[in-house]
Amino acid sequence: MNIPECTEIAVVGGGPAGLTAAIESGRAGCRTVVLDAGITPGGQLTKQIHKFFGSRTQGAGRRGLDIAADLAEEAEANGAVIRTDSTVQAADQSGRLEVLNGARSHGGSPEKMQLEHIRAKRVVLATGAEENAIAFSGWTRPGVMGAGAVQTMVNIHRVLPGRKVLMVGAGNVGLIVTYQLLQAGANVRCVVEAACDIGGYGVHAAKVRRSGVPILTSHTVQEAHGDSRGVRTATLVRLDKKWEPVPGTEKTIDVDLICIAAGLRPNIQLSSIMGCRLVHSTDLGGWLPVHDCSLMTTRSSVYVAGDASGVEEATAAMEEGRLAGVSAAESLGRLSEVRASGRRRRIQKRLAQLRGGPLGESIRGAKHQIQRAQSI
Ligand SMILES: Cc1cc2nc3c(=O)[nH]c(=O)nc-3n(C[C@H](O)[C@H](O)[C@H](O)COP(=O)(O)OP(=O)(O)OC[C@H]3O[C@@H](n4cnc5c(N)ncnc54)[C@H](O)[C@@H]3O)c2cc1C
194 MNIPECTEIA
204 VVGGGPAGLT
214 AAIESGRAGC
224 RTVVLDAGIT
234 PGGQLTKQIH
244 KFFGSRTQGA
254 GRRGLDIAAD
264 LAEEAEANGA
274 VIRTDSTVQA
284 ADQSGRLEVL
294 NGARSHGGSP
304 EKMQLEHIRA
314 KRVVLATGAE
324 ENAIAFSGWT
334 RPGVMGAGAV
344 QTMVNIHRVL
354 PGRKVLMVGA
364 GNVGLIVTYQ
374 LLQAGANVRC
384 VVEAACDIGG
394 YGVHAAKVRR
404 SGVPILTSHT
414 VQEAHGDSRG
424 VRTATLVRLD
434 KKWEPVPGTE
444 KTIDVDLICI
454 AAGLRPNIQL
464 SSIMGCRLVH
474 STDLGGWLPV
484 HDCSLMTTRS
494 SVYVAGDASG
504 VEEATAAMEE
514 GRLAGVSAAE
524 SLGRLSEVRA
534 SGRRRRIQKR
544 LAQLRGGPLG
554 ESIRGAKHQI
564 QRAQSI
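To convert, take the position in the sequence shown, counting from 1, and add 193; that gives our numbering.
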């Protein structure tokens, strides 16, 4: 019989949210293990070669990959064990996790993979987000890829998946990946955006435009043409206010890569199978687990943090991770109520600053509503 190894806190996901959760729970003296499916801890940060904005507390002015390395080091210095190439592929409501080890390191060789069970008193789900796809004629052809996959190929594996690129989506991800493709030597023909406004920060859009790449708002991709070897051309079309194609505005351009950056949604696979109640929030990317202001879900032993609790940015993910780590440690009696509340107040103040101003208004409102749903 496979007797599960027991730990106090299992953090699933070693991105900024998971690592900061582990820093806080480790600091409070909890036996903490971080399980991450990737080869290197850091989640999305490991692909981010650009410098971050925001405040110094969350690493502003530094590159994502450097922030990731520092967080991992700090988590280990606080006693957390970080296990990479460890995918939690199933979980039950009692905190028993089924972990598949070695699926990536050995090229998927079944003999080298190992299945293991871990039992945790508390689980922090910091599993990040998944990319949205969009369907159009020819969207399954080779050469139509998500922005996350393109970013992994370019920034981690140093492989350019195409030379003539159409970027679909002008949110921050679309704009940043456009710029990184240009830096890697690709010719980005244009960025199309279905909405009538650019969703990403003005500073990113300005950089893309300064590089000579047009951003066409109220436009989308209608068809990817090519064959089984890949995309050859793409047809673009203008959209009216109802996002309906305007006949006669079609234009075909030469491309061999269509990169889709159509937004992210919280990764809720584990929270749903662990029985956490879910709620839908358009402002936070879709379905997500209901949680209170300490990030506890409707299962009292399960906490959630980062993009898995609603898509925001790495800066917010770092603060939410800390909040979840402090709350989970308190629930195990490793932090007194007074100390935990003091820490939570400081973290919540920083989160409020990150979500401040008109840009953060929809996030603030959505989080508030979800926290109210927890108390119903
Ligand atoms: C192109 C791009 C540019 C960005 N630029 C910025 C920026 O400039 N500033 C900023 O603040 N934010 C930026 N972001 C957003 C930021 O990267 C994310 O908001 C942040 O990484 C979310 O952190 P997280 O820890 O919640 O999730 P992630 O970083 O996605 O980490 C989740 C981790 O969970 C692991 N995982 C998932 N499921 C399992 C499982 N079942 N078992 C084990 N492990 C699992 C994954 O392997 C991953 O390592 C950018 C994002 C992108 C895509």
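Using N, Cα and C, we set each Cβ at its ideal position, and we do this for glycine too.
The beta carbon of arginine 548 sits closer than 6 Å to the beta carbons of Ile556, Arg557 from its chain, once the five residues preceding and following it are set aside; these are given in chain order. As far as DSSP is concerned, methionine 346 takes part in no beta bridge.
Under DSSP, cysteine 486 takes part in no beta bridge, so it has no partner. The beta carbons of valine 317 and alanine 521 sit about 6 Å from each other, so the pair counts as a contact at 8 Å. Ligand 1 has a heavy atom closer than 8 Å to the beta-carbon of glutamate 506. Under the three-state reduction of DSSP output, valine 401 falls in the helix class. Below 8 Å, too few C-beta pairs join the segment 523 to 536 and the segment 231 to 251 to call them touching: fewer than three. Distances taken from the Cβ of alanine 313 to the heavy atoms of ligand 1 include none shorter than 8 Å. For glutamate 530, the number of other beta carbons within 10 angstroms of its own is below 16, and it is reported as exposed. Note: valine 385 is bridge-paired with Val361, Leu409 in the DSSP secondary-structure output.
The three-state secondary structure of threonine 200, taken from DSSP, is strand. Between valine 352 and alanine 455, the gap from beta carbon to beta carbon reaches 9 Å or more. Within the DSSP secondary-structure output, threonine 426 pairs in a beta bridge with His418, Asp447. The alpha-carbon separation between threonine 475 and threonine 239 amounts to approximately 27 Å. Selection Asp263, Arg382, Gly231, Ala363 evaluated against threonine 345 yields Gly231 as nearest (Cα-Cα). Taking one beta carbon from each stretch, the segment 479 to 498 and the segment 311 to 326 have 3 or more pairs nearer than 8 Å; the two touch. Distance from the CA of glutamate 416 to the CA of aspartate 278, rounded to the nearest whole angstrom, comes to 37 Å.
Here the alpha carbon of threonine 280 sits roughly 15 Å from the alpha carbon of isoleucine 461.
In this structure, proline 354 lies away from valine 384, with their beta-carbon atoms at least 9 Å apart. A Cβ-Cβ separation of about 19 Å leaves leucine 368 out of contact with isoleucine 446 under the 8 Å criterion. Residue state for glutamine 541 is assigned as helix, using DSSP reduced to three classes. In this structure, ligand 1 has no non-hydrogen atom nearer than 8 Å to the beta-carbon of alanine 517.
In the three-state scheme derived from DSSP, where H, G and I count as helix and E and B as strand, leucine 228 is classed as strand. No Cβ-Cβ contact shorter than 9 Å links glycine 514 with threonine 200.
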